[in-house]
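Comments concern the structure below.
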Amino acid sequence: MKVLLKAIRTSEDLTCLFIFCENNGIEMLRQGYPMTLENIQTGVINWGGYGSSFMIGPSLFNYFKLKYPDGDPPRGKAFARVKMIFNGELENNDTKVVIQRIEKLGGLVVQNIDEKVNLIVNGKGADKQLLKKAKELNHILILDEERFIEILPAIRKKPIKRTLKPRKDVPNTVDKKVLDKLKKFFISRDNDLISQGLEMYRSLQNTDVANYFLDGVQYASQGGGHLIP
0 MKVLLKAIRT SEDLTCLFIF CENNGIEMLR QGYPMTLENI QTGVINWGGY GSSFMIGPSL
60 FNYFKLKYPD GDPPRGKAFA RVKMIFNGEL ENNDTKVVIQ RIEKLGGLVV QNIDEKVNLI
120 VNGKGADKQL LKKAKELNHI LILDEERFIE ILPAIRKKPI KRTLKPRKDV PNTVDKKVLD
180 KLKKFFISRD NDLISQGLEM YRSLQNTDVA NYFLDGVQYA SQGGGHLIP
């Protein structure tokens, strides 16, 4: 339910959310201290003689903490404790698909308004009577489609399957410890160590070692007919 704080744009929005929290035993805290309706309406916090103000906007998501009577919602369920109504059809999004996303995120989409509904999203052909009743209840956040879609978590992309490169066989003509030492020299950011590695590499005069390190290296042409890795 805390995700609704991202949709707050006015003190009236914040007041609606605060009243819903108060009616349902949910505390709205700032640095461990409970908020009051006066704090919300004035946008000012004053504890211990120190006054500060907060800006109304999406940053309130990080400014406040909600303390629920039955504990925090499960991870990944950003819409837990959100009971909402789509008042009309969404114009720029598939309503059915969005409802599926909401339910997957722990939210509940219903058709009838009651005291547990805390969000209404207006779409095309919105019912004016439903909207009027929601305003009378004074605890329901009312959003348009654009503001609502903004607070929906992004759809996670499936991880790209990477093809693992086959492990190269260590040449039989050179000691593995020498190869390991060369690797440490070559991956160093110290020019002196890299130079030491090159000197060791040259001193071995071993074609197998050269092929081992150059395996998979692609060359591109450069002006003058030279090749660069």
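Quick note: the sequence shown uses numbering that gives the first Met the number 0, first residue 0, plus one each step. By construction, the Cβ of each residue, glycine as well, lies at the ideal position given by its N, Cα and C atoms.
Excluding five sequence positions before and after residue 87, the CB atoms of its chain that fall closer than 8 Å to its own CB belong to 121, 122, 123, 124, 125, 126, given in chain order.
Of the candidates 209, 108, 160, 108 places its Cα closest to the Cα of residue 84. Closest in C-alpha terms to residue 82, from the list 70, 176, 187, 110, comes 110.
Taking a 10 Å sphere around the C-beta of residue 96, we find fewer than 16 other C-beta atoms and assign the residue as exposed. One Cα belongs to residue 135, the other to residue 101, and the distance between them is close to 25 Å. In this structure, the CA atom of residue 211 is about 34 Å from the CA atom of residue 157.
Under the DSSP assignment, residue 101 falls in the alpha helix (DSSP H) whose first and last residues are 94-103. Taking every protein chain shown into account, the CB of residue 186 has fewer than 16 other CB atoms within 10 angstroms, so this residue is exposed. The segment 22-38 and the segment 56-65 touch, with no fewer than 3 CB-CB distances between them shorter than 8 Å. A Cβ-Cβ separation of about 40 Å leaves residue 159 out of contact with residue 141 under the 8 Å criterion.
If you compare the alpha carbons of 11, 174, 23, 138 with that of residue 38, the shortest gap goes to 11. When only Cα atoms are considered, residue 116 and residue 161 end up about 45 Å apart.
Counting along the chain, residue 121 sits inside the beta strand (DSSP E) bounded by residues 118-121. Using a Cβ distance threshold of 8 Å, residue 105 and residue 147 do not count as a contacting pair. Residue pairing by DSSP leaves residue 91 without any beta bridge partner. For residue 86, the enclosing beta strand (DSSP E) stretches over residues 82-86. Residue burial annotation: residue 154 is exposed, with fewer than 16 other C-beta atoms found within 10 angstroms of its C-beta.
The beta carbon of residue 67 lies closer than 6 Å to those of 25 in the same chain, with the five residues before and after it left out. In this structure, DSSP gives residue 67 a state outside helix and strand, which the three-state scheme calls coil. Secondary structure note for residue 140: its beta strand (DSSP E) is the uninterrupted segment 140-143. For residue 114, the secondary structure class from DSSP, reduced to helix, strand or coil, is coil.
In the three-state DSSP reduction, residue 208 falls in the helix class (H, G or I). Secondary structure note for residue 201: its alpha helix (DSSP H) is the uninterrupted segment 190-203. Contact annotation: residue 15 and residue 137 have beta-carbon atoms nearer than 8 Å. Its chain contains 26 as the residues whose beta carbon lies nearer than 6 Å to that of residue 33, once the 5 sequence neighbours on both sides are disregarded; these appear in chain order.
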